[in-house]
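Trainee: Numbering (this note's numbering), first residue to last: 32 to 420. Every residue, glycine too, gets a C-beta built ideally from N, C-alpha and C. Note that the structure is predicted; figures quoted are calculated from it, not measured. Let me give you the structure first, and then I'll get to my questions.
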Ligand code: PMP
């Protein structure tokens, strides 16, 4: 059977137009953008062109607001550790929602080990941040508050503009991880009052190996990686020009095609959700309407997400159970526990994310495969014959 890939939240294919644009840097050109000769200048030109395109995608004030990194993880570390350490004289408190990606939570926990106070802000059963609690925990000592634009496991979109107002009334910098949202939703750092914002190249259909941190003019950070002072001194090391040039082109295409593509994906998403909720003991996770246009996430009573994933892979349909980054542990996802699911409920999680290569004609095949898989696994499950949930 032909492959039906439904794990766009974990990894995306490089858009062929992006590859065509950036491959010149793999094929012949070899300059270091810090070199002053003409080959170096050509690399520098590609780097600055990419910076401008990424700034445009999120309406950054100018291209200098974009700092390229090696990944979204690195951008999150730079925002959180760099922001907290550079501004320690203002206070030693940081805050994040309980459903942030581990590349946000782990640097925060490291700060906590080093004497910072970490406030975890709860979310409701749909994954929406508790704004009252946010207002309660922030103080003038809270230098960095990190709240994601949209969650990668349950698709919920957070009210960033309202959050920004609370953060700026009480604390200092708002960092937003937009890895899962950029390219699908029209992110506007100026209109939404964002001080730092994380992006990933691959999540825009660009090459892996590049990420970016938007840093609002005036925001002060301490570098996490030291060396030759590239990227305005905030991220030393020779830039990965192929990946960065690709990320720029991917950002340009995403901006141009976002409105139409998100509408197309939303229609498919809604068809999938409607059909799969007809299965007995199937529940949507995340917000029913304020969710990413390509994101359909569920839990199924009595069966494990991993078994669904492996069974569907046999039909050549690739789905996820939660965050690919946490799949090495068999612990239930911290996101699903934070929205109030019991351990056994969280284990039944299955995440279907759509992308550019999916077509509406695939929906009946996907629905049939999920239904058959769930039925088959329930027959094998010792739990399904007992009322345990
Ligand atoms: N933030 C979010 C919301 C993510 O989904 C991911 C994973 N794609 C990351 C950060 C980290 O991205 P990477 O592993 O590419 O650094």
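Starting from residue 200, trace the beta strand (DSSP E) in both directions and tell me its first and last residue.
Mentor: Counting along the chain, residue 200 falls outside any beta strand (DSSP E), though it belongs to the alpha helix (DSSP H) covering 191–201.
Trainee: Report yes if the C-beta distance between residue 150 and residue 175 is below 8 Å; otherwise report no.
Mentor: No. Outside cutoff.
Trainee: Is there at least one non-hydrogen atom of the ligand PMP closer than 7 Å to the beta-carbon of residue 318?
Mentor: The answer is no for residue 318.
Trainee: Given that a residue counts as buried once 16 or more other Cβ atoms are within 10 Å of its Cβ, and exposed if not, what is residue 318?
Mentor: With 16 or more Cβ atoms within 10 Å of its Cβ, residue 318 is classed as buried.
Trainee: State the CB to CB distance for the pair residue 298 and residue 99, rounded to an integer number of angstroms; the pair is presumed to be in contact (CB under 8 Å).
Mentor: With a Cβ gap of about 35 Å, residue 298 and residue 99 do not count as contacting.
Trainee: How many angstroms separate the CA atom of residue 363 from the CA atom of residue 295?
Mentor: When rounded, the distance between both Cα atoms is 32 Å.
Trainee: Is it the case that the CB of residue 102 approaches a heavy atom of the ligand PMP more closely than 7 Å?
Mentor: It does: the Cβ of residue 102 is within 7 Å (strictly closer) of some heavy atom of the ligand PMP.
Trainee: How would you label residue 325, buried or exposed, when you count the other beta carbons within 10 angstroms and need 16 or more for buried?
Mentor: The residue is buried, with at least 16 neighbouring Cβ atoms inside 10 Å.
Trainee: Hey, how far is the Cα of residue 76 from the Cα of residue 224?
Mentor: Using only the alpha carbons, I get a separation of about 30 Å.
Trainee: Please confirm whether any heavy atom of the ligand PMP lies closer than 7 Å to the CB of residue 76.
Mentor: Outside the cutoff, so no.
Trainee: Any chance you could list the beta strand (DSSP E) runs of at least 3 consecutive residues sitting entirely within the stretch 104–159, in chain order?
Mentor: Runs found: 124–128 and 148–152.
Trainee: Using a Cβ distance threshold of 8 Å, determine whether the stretch 235–243 contacts the stretch 262–275, with at least three qualifying pairs required.
Mentor: Yes, the stretch 235–243 is in contact with the stretch 262–275.
Trainee: Whole angstroms are fine: how far does the CA of residue 123 sit from the CA of residue 285?
Mentor: Residue 285 and residue 123: Cα-Cα distance of roughly 38 Å.
Trainee: How big is the Cα-Cα spacing for residue 114 and residue 368?
Mentor: Taking the straight line from one Cα to the other gives about 28 Å.
Trainee: If you draw a straight line from the C-alpha of residue 84 to the C-alpha of residue 231, how long is it?
Mentor: Cα to Cα, the separation comes out at about 14 Å.
Trainee: Give me the Cα-Cα distance between residue 249 and residue 226, rounded to the nearest whole angstrom.
Mentor: In a straight line, the C-alpha of residue 249 is about 9 Å away from that of residue 226.
Trainee: Suppose you measure from the CA of residue 436 to the CA of residue 40; what does that come to, to the nearest Å?
Mentor: The question about residue 436 has no answer, for the chain in this structure spans 32 to 420.
Trainee: Distance check for residue 182 and residue 350, CA to CA, integer angstroms please.
Mentor: Those two C-alpha atoms are separated by around 17 Å.
Trainee: If we ignore side chains and look at the alpha-carbon of each, how far apart do residue 342 and residue 333 end up?
Mentor: C-alpha separation (whole angstroms): 15 Å.
Trainee: Measure the C-alpha to C-alpha separation of residue 283 and residue 38 and round it to an integer number of angstroms.
Mentor: Their Cα atoms are separated by approximately 23 Å.
Trainee: Buried or exposed: residue 145, going by 16 or more other Cβ atoms within 10 Å of its Cβ?
Mentor: Exposed, by the Cβ-count rule.
Trainee: Helix, strand or coil: how does DSSP classify residue 380 here?
Mentor: Residue 380 falls in the strand class under three-state DSSP.
Trainee: Count the other CB atoms, across all protein chains shown, that sit within 10 Å of the CB of residue 380; report buried if there are 16 or more and exposed otherwise.
Mentor: Buried, because 16 or more other Cβ atoms sit within 10 Å of the Cβ of residue 380.
Trainee: With residue 66 and residue 233 assumed to form a contact (beta carbons below 8 Å), what rounded beta-carbon distance in angstroms separates them?
Mentor: Wrong, their Cβ atoms sit about 28 Å apart, outside the cutoff.
Trainee: Does the stretch 305–322 come close enough to the stretch 182–193 to have 3 or more Cβ pairs within less than 8 Å?
Mentor: Contact holds: three or more Cβ-Cβ distances are below 8 Å.
Trainee: Please find out if some non-hydrogen atom of the ligand PMP comes closer than 7 Å to the beta-carbon of residue 268.
Mentor: Result no, Cβ not under 7 Å from the ligand PMP.
Trainee: Taking DSSP's pairing of strands, which residues face residue 349 in a bridge?
Mentor: BP columns for residue 349 point to 36.
Trainee: Indicate the three-state DSSP secondary structure (helix, strand or coil) for residue 267 in the structure shown.
Mentor: Coil, per DSSP.
Trainee: Figure out for me which residue from 322, 401, 32 and 287 has the closest Cα to the Cα of residue 335.
Mentor: The residue with the shortest Cα to Cα distance from residue 335 is 401.
Trainee: Is the distance from the Cβ of residue 279 to the Cβ of residue 46 below 8 Å?
Mentor: Not a contact, by the Cβ cut-off of 8 Å.
Trainee: Taking the continuous alpha helix (DSSP H) assigned at residue 175, which residues delimit it?
Mentor: Note, residue 175: premise wrong, no alpha helix (DSSP H); beta strand (DSSP E) at 173–177.
Trainee: For residue 222, report the span of its alpha helix (DSSP H) as first-last.
Mentor: Segment 220–223, the alpha helix (DSSP H) holding residue 222.
Trainee: In whole angstroms, give me the CA-to-CA distance for residue 409 and residue 348.
Mentor: Distance between the alpha carbons of residue 409 and residue 348 is about 19 Å.
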